[in-house]
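The numbering of the sequence shown is this note's numbering, which starts it at 136 and goes up by one.
For reference, the structure discussed in these notes is given below.
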Amino acid sequence: MAVPFRRADRVGDLIRRELSRLLLREIKDPRLSQVIVTAVQVSSDLRHARVFFTAGTGGTDHAAELKGLQAAAGFLRGHLGRSLRLRYAPELAFEVDDSVDRSLHIAALLKQVAPPEEPGE
136 MAVPFRRADR
146 VGDLIRRELS
156 RLLLREIKDP
166 RLSQVIVTAV
176 QVSSDLRHAR
186 VFFTAGTGGT
196 DHAAELKGLQ
206 AAAGFLRGHL
216 GRSLRLRYAP
226 ELAFEVDDSV
236 DRSLHIAALL
246 KQVAPPEEPG
256 E
């Protein structure tokens, strides 16, 4: 039997898409020009959302992007409330998503450990 999706999962996906659109088209802050929203986890009562992001700049220090997102949180929350038509616009909490950096690090380690390929194979 298929596992039904929770409403919070569906709303989280909608929030992720809408935040990505807002960051691309509405926000003019240069700190946020390379921000990519990777995931959104919404509480079961839909009042709180944890937004995970990474920056396309490739660095490990995302303090400037985090401050920019925190400064724009009210604007983003207002737009989410109007566009998604939820009873309550969720409170946004931003967190750096380091899963991409971790996966690149693991791939580099595996490449170091892998035996060299011999020519002709």
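All residues carry an ideal CB built from backbone N, CA and C; glycine is no exception.
These numbers come from a predicted model, not from an experiment.
In chain order, what residues of the same chain have a beta carbon less than 6 Å from the beta carbon of residue i, not counting five sequence neighbours either side?
{"i": "Phe187", "result": "Thr173, Ala174, Glu230, Asp232"}
{"i": "Leu245", "result": "none"}
For residue i, which option in the options has the closest C-alpha, if you only look at C-alpha atoms?
{"i": "Asp236", "options": "Leu211, Gly209, Ala190, Leu215", "result": "Ala190"}
{"i": "Leu215", "options": "Gln205, Glu226, Ala206", "result": "Glu226"}
{"i": "Asp180", "options": "Leu211, Leu157, Gly209, Ala143", "result": "Ala143"}
Give the secondary structure of residue i by DSSP, where H, G and I count as helix, E and B as strand, and everything else as coil.
{"i": "His197", "result": "coil"}
{"i": "Ile162", "result": "coil"}
{"i": "Glu226", "result": "strand"}
{"i": "Ala143", "result": "helix"}
Which two residues bound the contiguous alpha helix (DSSP H) that contains residue i?
{"i": "Ala184", "result": "Not the alpha helix (DSSP H): Ala184 falls in the beta strand (DSSP E), residues 183-190."}
{"i": "Gln247", "result": "234-248"}
Whose C-beta lies closer than 7 Å to the C-beta of residue i among residues of the same chain, with five residues either side of it excluded?
{"i": "Ser218", "result": "Glu153"}
{"i": "Ile162", "result": "Ala207"}
Quick one: give me the first and last residue of the beta strand (DSSP E) that residue i is part of.
{"i": "Gln176", "result": "170-177"}
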